[in-house]
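K.L.:
In this text, residue positions in the sequence shown follow the UniProt record's numbering: the first is 1, and each later residue adds one. Cβ atoms here follow ideal geometry from the backbone N, Cα and C, with glycine treated the same way.
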Amino acid sequence: MPFSGIWHIILDEIDEVPPTATFRTPLSDKPFRIEDAQEHRLLIAYRDQETTIPLKREQFETLYDRVSDSPQPFNLDRLPADAEPYATILSIHPLFEIDPRDGVLKPTDSPTPSSLVDADLTVESQDHEPARKEPDLPLYSDSLLLIDALERYDPTDLETMETAELVNLYTLCSDVQRNADDLRQNVRSLLLDRLHHDQPVYGQYGSVQRTSRRNRTLKDDETVLELLEDQGIDRERVTTVDTSKVDEALEVTDLSESDLYEIDESQYVRKADVDEEQKESRLQGLKDQLAAVDDPQTEELQDEIEELEARIEDLTSFSSASEVD
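(1) Return the bridge partner residues of residue 45 from the DSSP annotation.
(2) Return the residue from the list 91, 63, 40 that minimises the CA-CA distance to residue 78.
(3) Let me make sure I understand the geometry here. Which of 211, 220, 170 has the alpha-carbon closest to that of residue 147?
(4) In chain order, what residues of the same chain lie with their CB nearer than 6 Å to the CB of residue 122, ignoring the 5 residues before and after it?
(5) Using CA coordinates, which residue listed in 237, 216, 73 is at the minimum distance from residue 226?
(6) So residue 66 is in the alpha helix (DSSP H); what residue range does that whole segment cover?
(7) Is residue 27 closer than 8 Å to residue 84 when the C-beta atoms are compared?
(8) Under 8 Å: do the stretch 133-145 and the stretch 172-179 share three or more Cβ pairs, one atom per stretch?
(9) Span of the alpha helix (DSSP H) holding residue 84?
(10) Rounded to whole angstroms, what is the Cα-Cα separation between residue 46 and residue 93?
(11) Tell me the residue span of the beta strand (DSSP E) that contains residue 15.
(12) What's the C-alpha gap between residue 50 and residue 149?
(13) Can you tell me whether residue 262 is helix, strand or coil according to DSSP?
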C-alpha cells in the first residue's frame, strides 16, 4: 500500500482518539499527547512540558519503508532517542504493532490496537468516559490500605515505628499475602489450561512456563518386600523399606520404578523470570500519572482509602487494662 494510504488511516485513527488520551513511547515509556494533527505533520507535547514537538510526515514514511521492506521486525533500539514517538504513532495503524517483549515494530496480518495508547480507539469513548470500577476483591481493599500505610509510616526504619503502627503494617501485609495467594492459585489454574509444556509465555512484567513436578511414595511394605524377594533380594536387605536401599536394589533387578513406587505427576506454573526494569519503568510512569492527575476521582480514591481504614480500625481496636512498653 502506498504510504499516503497508510498516513490517512493513521490520521483517521487519531481523530477517533479522545483529546485527553495519553500516548507512551515504546522504550522509555514517556507519556505524551497529540496537540494537533495536520496533513504534513503532527504536533505532540510531553507531559509537564509547554513546548510542542513536530513529527514530520516524511519521517513517518521513512520509518514505514524500513519496517515494510525488511523481512525481519524493526528493532526499536535503532531509533534515535527523540524518535520513539514515531514508532508509537505508526503502531496505531491496525496493521502494525509493537512487541514490547522483543522491543520491535513489525507488520501484522490481523488488525491489533496499539498497546501504547491509554484510550480505546472507538468513537464511543469520546462520548462516554468509562467510570472507574472498584474490583470486588478483598485484595484490592487490602492493597489500597497497605499502600496508604506505607506512605504514612516509614517502613525503611522499622525500629522507630510505634507498636500500633507495626501491628497495622503486619496485619495488612498478612491480609495482602493471603488474598494475593488465593488470587495467584486461581490464576495458576487457568494458566495450566493455556500453557504448553516448557514453552515460556511472556507478559509485560515477566514470564511463566508450564513444567512438571514428580512425586513418588513407596507402596505398602508387604508388596515391596514380596516383589523384591521374588527377584532374589533378601528381606533383611531392605527391612523398614528405606528408599535409598530400595533404589540400590532397583539397580540390580528387572523391576521398574512403578512396581515399587506410587508415582504421582502434577502440573504447575513456575515463575521463570521477572523483568525488574520493566516493572520499575511502568511504576514510575504510574507515579507520574498520579502526580499529574487533578480530578475528582483522585479525591474519591483517597476518601475510599480513609473510609476503609476507619472501618478496619473500628473492627480491630481494643482497650487493655495495662499498657505494653
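P.N.:
Let me spell this out:
(1) In DSSP, residue 45 forms a bridge with 33.
(2) Cα-wise, what sits closest to residue 78 is 63.
(3) Ranking the options by Cα distance to residue 147, first place goes to 170.
(4) In this prediction, residue 122 has a pLDDT of 43, which is less than 50 and means its spatial position is unreliable; what the coordinates show is noted afterwards. Beyond the five residues adjoining it in sequence on each side, residue 122 comes within less than 6 Å, by CB distance, of no other residue in the same chain.
(5) Out of 237, 216, 73, the CA that lies nearest to the CA of residue 226 is found in 237.
(6) From DSSP, the alpha helix (DSSP H) with residue 66 extends over 57-69.
(7) Contact: yes.
(8) These segments touch.
(9) DSSP places residue 84 in the uninterrupted alpha helix (DSSP H) bounded by 84-90.
(10) Distance from the CA atom of residue 46 to the CA atom of residue 93, rounded to whole angstroms, is 21 Å.
(11) Taken as a continuous stretch (DSSP letters only), residue 15 belongs to no beta strand (DSSP E), being part of the alpha helix (DSSP H) at 3-16.
(12) Going from the Cα of residue 50 to the Cα of residue 149 covers about 35 Å.
(13) Strand.
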